[in-house]
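Asks: If you scroll down you'll find the structure; I have some questions about it.
Shown next as structure tokens:
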């Protein structure tokens, strides 16, 4: 929508540059911003400014942090022998929220996706290899997503780490299968095939 | 997602207050903002500030404007005898873009929706009535949406205007029917019923 107001057009263009925001969403957001009280827009502007000023990437694991190194990397109680590779900071947060992992992390900031023009060189893979050579990890847990891009990234990582020979840590990947609470009737055939291939003995 | 960073949590909360932005979208937007270069976030912040400073509602028609009265209200070449009632400023823009209307407008800023708690008193209906009594319009074109809320608003307006008696302008509503380029096979039954009820003679 081309509005006749210059300031509104500029806001629409800035909003449309955000991911997942098209013409209609930008229109709805701009309209909300115009209607909102000043306290809200001040809070929005201030939070953007603060995030840009404070948030950076941890030099070691590339998680988002306000301090260097990040809270997880500087926690001596965490298992220093395991590193878990995730695509995005939000994946790391999901694993932390599950409370089932106490090792270190490495955030790749994406996955290999030739269609989107993302190759291994655009990810923090070189930094991971440097880390694996420097620190003595016994296990590398690949927790990339279980889709085409995540699978391709997992395979690429396997080959990189395999080249380290005897010094390579054990490489594992999160199990694929039926979610807890899920029923077979709603599982797709690819998930069923993986769940069957990964079946384990009972008891 | 609860991040461990205070500044990031505050940005997430501010983003989630926007319409249509849930947990996952806020996470994606925040991540984009962190990755974006400073020039972009400066542009975003600046455009929000400018819009809040410059954009207001026209005192007469309640369209968005930077000047008082708005461009349409102060244009002497427009047909001053017709007023078209729309729900939102974006609807007004759609009609302007079609180039098929040259009269004045009145923006209600919503539609009657008991479920959302929007009653006539929350809309610019009182202001419309004042305008109708003051200015001599010959026609009031109701261009609210053709859904439950838009229909309810149109009926409410009809009753309000009807009470004006002999001084009431003619009230019309946009036609309902098959869109141009649309085929009967894809039209829903409610649209077909309206198109049939509103059928006209050929030639």
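Residue numbers (our numbering), protein chains in the order written: chain A, 1 to 203; chain B, 1001 to 1203. No residue lacks a Cβ here, since even glycine has one placed at the ideal position from N, Cα and C. Given the structure is predicted, the values throughout are model-derived calculations rather than measurements.
Restricting to Cα atoms, I'd like to know which of B:1004, B:1074 and B:1064 is closest to residue 30 of chain A.
Replies: When each option's Cα is compared against that of residue 30 of chain A, the closest is B:1064.
Asks: Would residue 92 of chain A be called buried (16 or more neighbouring beta carbons within 10 Å of its own) or exposed?
Replies: Under this definition residue 92 of chain A is a buried residue.
Asks: State the DSSP-derived secondary structure class of residue 1182 of chain B, mapped to helix, strand or coil.
Replies: coil
Asks: Compare the Cα-Cα distances from residue 176 of chain A to each of A:167, A:170, A:166 and A:187 and report the closest residue.
Replies: Nearest C-alpha to residue 176 of chain A: A:187.
Asks: Let me check one thing: in DSSP terms, what residues is residue 84 of chain A bridge-paired to?
Replies: A:105 and A:141
Asks: Can you pull the chain B neighbours of residue 52 of chain A, defined as C-beta to C-beta under 8 Å?
Replies: 1033, 1034, 1038 and 1041
Asks: In the region 1125-1139 of chain B, which residues sit with their C-beta less than 7 Å from some C-beta in chain E, listed in chain order?
Replies: This model lacks chain E altogether; the protein chains it does include are A and B.
Asks: From the DSSP output, in three-state form, read off residue 113 of chain A for me.
Replies: strand
Asks: Using a Cβ cut-off of 7 Å (strictly closer), state whether residue 120 of chain A contacts chain B.
Replies: no
Asks: Tell me which residues share the same chain as residue 1156 of chain B and place their Cβ nearer than 8 Å to its Cβ, disregarding the 5 neighbours each side in the sequence.
Replies: Same-chain partners within the cutoff: 1112, 1120 and 1125.
Asks: Taking only beta-carbon atoms, is residue 1018 of chain B less than 7 Å away from chain A?
Replies: yes
Asks: What are the boundary residues of the alpha helix (DSSP H) that includes residue 16 of chain A?
Replies: From DSSP, the alpha helix (DSSP H) with residue 16 of chain A extends over 6-16.
Asks: By DSSP, does residue 1 of chain A sit in helix, in strand, or in coil?
Replies: Caution is warranted here: a pLDDT of 49 is assigned to residue 1 of chain A, below 50, making its placement in the model unreliable, and the coordinate value is therefore given only provisionally. Reduced to three states, the DSSP call for residue 1 of chain A is coil.
Asks: What is the DSSP secondary structure of residue 79 of chain A, counted as helix, strand or coil?
Replies: Correct three-state label for residue 79 of chain A: strand.
Asks: Quick check: the region 1011-1029 of chain B against the region 8-16 of chain A, are at least 3 beta-carbon pairs closer than 8 Å?
Replies: no
Asks: Does any CB atom of chain B fall closer than 7 Å to the CB of residue 45 of chain A?
Replies: yes
Asks: Distance, Cα to Cα, residue 195 of chain A vs residue 1198 of chain B?
Replies: 58 Å
Asks: Strictly under 7 Å for the Cβ-Cβ distance: is residue 1078 of chain B near chain A by that measure?
Replies: no
Asks: List the residues of chain B whose Cβ lies closer than 8 Å to the Cβ of residue 5 of chain A, in chain order.
Replies: 1054, 1055, 1064, 1065 and 1066
Asks: What first and last residue would you give for the beta strand (DSSP E) that runs through residue 1171 of chain B?
Replies: 1170-1173
Asks: Mind pulling the chain B residues with CB within less than 7 Å of residue 11 of chain A?
Replies: 1047, 1048 and 1051
Asks: How long is the line joining the alpha carbons of residue 206 of chain A and residue 85 of chain A, rounded to whole angstroms?
Replies: The structure shown has nothing for residue 206 of chain A, since chain A only spans 1 to 203.
Asks: Please decide whether residue 1014 of chain B counts as near chain A, where near means a Cβ-Cβ distance under 7 Å.
Replies: Taking Cβ atoms only, chain A reaches closer than 7 Å to residue 1014 of chain B, which makes this a yes.
Asks: Mapping DSSP to helix, strand and coil, what is residue 1074 of chain B?
Replies: Note: residue 1074 of chain B maps to coil in three-state DSSP.
Asks: Comparing alpha-carbon positions, which option in A:149, A:184, A:144 and A:179 lies nearest residue 209 of chain A?
Replies: The structure shown does not extend to residue 209 of chain A, since chain A is modelled only from 1 through 203, so no value can be given for it.
Asks: Please report the distance separating the alpha-carbon of residue 1081 of chain B from that of residue 1044 of chain B.
Replies: Distance between the alpha carbons of residue 1081 of chain B and residue 1044 of chain B is about 41 Å.
Asks: Can you list the residues of chain A that residue 1008 of chain B reaches, using a CB-CB cut of under 8 Å?
Replies: 51, 55 and 64
Asks: Using only CA atoms, which one of A:62, A:149 and A:5 lies nearest to residue 1056 of chain B?
Replies: A:5
Asks: Measuring alpha carbon to alpha carbon, tell me which residue in A:49, A:192 and A:158 is nearest residue 178 of chain A.
Replies: A:192
Asks: Can you look up residue 1059 of chain B in the DSSP assignment and give me helix, strand or coil?
Replies: coil
Asks: Just list the residues that DSSP pairs residue 1064 of chain B with in beta bridges.
Replies: B:1057
Asks: Using beta-carbon positions only, say whether residue 1048 of chain B and residue 41 of chain A come within less than 7 Å of one another.
Replies: yes
Asks: Closer than 8 Å by beta-carbon distance: list the chain A residues that pair up with residue 1071 of chain B, in chain order.
Replies: What residue 1071 of chain B touches in chain A: 4.
Asks: Is residue 1094 of chain B buried or exposed, if buried means 16 or more other CB atoms sit within 10 Å of its CB?
Replies: exposed
Asks: Looking only at DSSP bridge pairs, what is residue 972 of chain B linked to?
Replies: This structure cannot settle anything about residue 972 of chain B, because the visible part of chain B is limited to 1001 through 1203.
Asks: What residues in its chain sit with their C-beta under 6 Å from that of residue 1114 of chain B, if we drop five residues either side in the sequence?
Replies: No residues qualify anywhere along the chain.
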